[in-house]
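Trainee: For the sequence shown, numbering that gives the first Met the number 0 begins at 0 and goes up steadily by one.
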Amino acid sequence: MLIQSLFEQPIMLLLWVVAVVIALTVHEFSHALTAHYLGDRTAEDAGRLTLNPLKHIDWLGFILLLIAGFGWAKPTPVNPYNLKLQRFGSAVVAFAGPISNIVAGIVVAVLLRVATEFMDLSSTNLMVVFFLLFIQINALLAVFNIIPIPPLDGSKVLYAFVAPSRPEVVQFLERYGLWLLLAVVFFGGGLIQTVAGFFYSVTLALVF
């Protein structure tokens, strides 16, 4: 468990926690910002249109993240009836989260590439370690959240396309989504990490 690494490698744990908090904050802020531009002020009125991590962290989810490696942030509140794009608005807001993590990973990879041009950085340099952790975590968040199972972002994208013609699919996912998600986490975690590792490698390959 991650809590054991607190005693084994406290610096690595600290870097990991900071990277996760920043990645989750970027993810939730992007939901709020996209909803704002599409006409919904729900997240803004709730104080979520901010990069302040304290506004986005769910403390129970955060504690579980430290103990078990699986947690969550506070879901960003969105009123789909306020969105300018009635059918696809929720999908756009939802998709903004994973896209923001991909963009954040690429930006940090570029910063790391620039840093290597001006400094002699080794693989043990804490800045390098943090940047690489941040890229990995963002890749994992992006891949995990595009899974089309509620309450993940991918489900909102799926609903935009299937809800009008296949309402029974939506009903099934809403009823059994939690169990399906747990099954994916416990039995498909390796596949998720493999796909995230692929995106991580592609991100680094783009700039190195």
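C-beta atoms are modelled at their ideal positions from N, C-alpha and C, and glycine is treated no differently.
Measuring CB to CB, does L14 end up less than 8 Å from L132?
Mentor: The residue labelled residue 14 in the question sits at position 15 within the sequence shown. The residue labelled residue 132 in the question sits at position 133 within the sequence shown. Yes.
Trainee: With DSSP as the reference, identify every bridge partner of I56, one or two as the case may be.
Mentor: Stepping through the sequence shown from its first residue, residue 56 is reached at position 57. A72.
Trainee: Going by beta-carbon coordinates alone, are I191 and F117 separated by less than 8 Å?
Mentor: Numbered from its first residue, the sequence shown carries residue 191 at position 192. Numbered from its first residue, the sequence shown carries residue 117 at position 118. In this structure, F117 does not lie closer than 8 Å to I191 by Cβ.
Trainee: Helix or strand or just coil, what does DSSP make of A108?
Mentor: Walking along the sequence shown from the start, residue 108 turns up at place 109. In this structure, A108 counts as helix in the three-state DSSP scheme.
Trainee: Taking one C-beta from the stretch 154-170 and one from the stretch 178-198 each time, how about it: are there three or more such pairs within less than 8 Å?
Mentor: The stretch 154-170 vs the stretch 178-198: no contact.
Trainee: Among A95, V128, G176, which residue has its Cα nearest to the Cα of L111?
Mentor: The sequence position of residue 111 within the sequence shown is 112, counting from 1. L111 has its Cα closest to that of V128, out of A95, V128, G176.
Trainee: Which class does L32 belong to by DSSP, given the choice of helix, strand or coil?
Mentor: The residue labelled residue 32 in the question sits at position 33 within the sequence shown. Helix.
Trainee: Less than 8 Å separating the beta-carbons of E43 and H35?
Mentor: As a working mapping, residue 43 is identified with position 44 in the sequence shown. As a working mapping, residue 35 is identified with position 36 in the sequence shown. In this structure, H35 lies closer than 8 Å to E43 by Cβ.
Trainee: Which residues in the same chain as P166 place their Cβ atom closer than 6 Å to its Cβ, once the five residues preceding and following it in sequence are excluded?
Mentor: Stepping through the sequence shown from its first residue, residue 166 is reached at position 167. Hits under 6 Å: none found.
Trainee: Grab the span of the alpha helix (DSSP H) containing Q192 for me, first residue to last.
Mentor: Position 193 of the sequence shown, counted from the first residue, corresponds to residue 192. That run of the alpha helix (DSSP H) goes 188-206.
Trainee: What first and last residue would you give for the alpha helix (DSSP H) that runs through L157?
Mentor: As a first step, residue 157 must be located in the sequence shown, where it is residue number 158. Note, L157: alpha helix (DSSP H), 152-161.
Trainee: Under the assumption that I56 contacts V20 (Cβ atoms under 8 Å), give the Cβ distance between them as a whole number of angstroms.
Mentor: As a first step, residue 56 is located in the sequence shown; it is residue number 57 there, counting from the start. As a first step, residue 20 is located in the sequence shown; it is residue number 21 there, counting from the start. Indeed they touch by this definition, with Cβ atoms about 7 Å apart.
Trainee: Start and end of the alpha helix (DSSP H) containing V77?
Mentor: Looking up residue 77 in the sequence shown gives position 78. The continuous stretches of alpha helix (DSSP H) do not include V77, and DSSP gives it neither H nor E.
Trainee: Label D119 either buried or exposed according to how many other C-beta atoms from any shown protein chain fall within 10 Å of its C-beta, with 16 as the threshold for buried.
Mentor: In the sequence shown, residue 119 corresponds to position 120, counting from 1. Exposed.
Trainee: In chain order, what residues of the same chain have a beta carbon less than 8 Å from the beta carbon of A22, not counting five sequence neighbours either side?
Mentor: Here residue 22 refers to the residue found at position 23 of the sequence shown. Within the same chain, A22 has close Cβ partners N100, A103, F133, I136, N137, L140.
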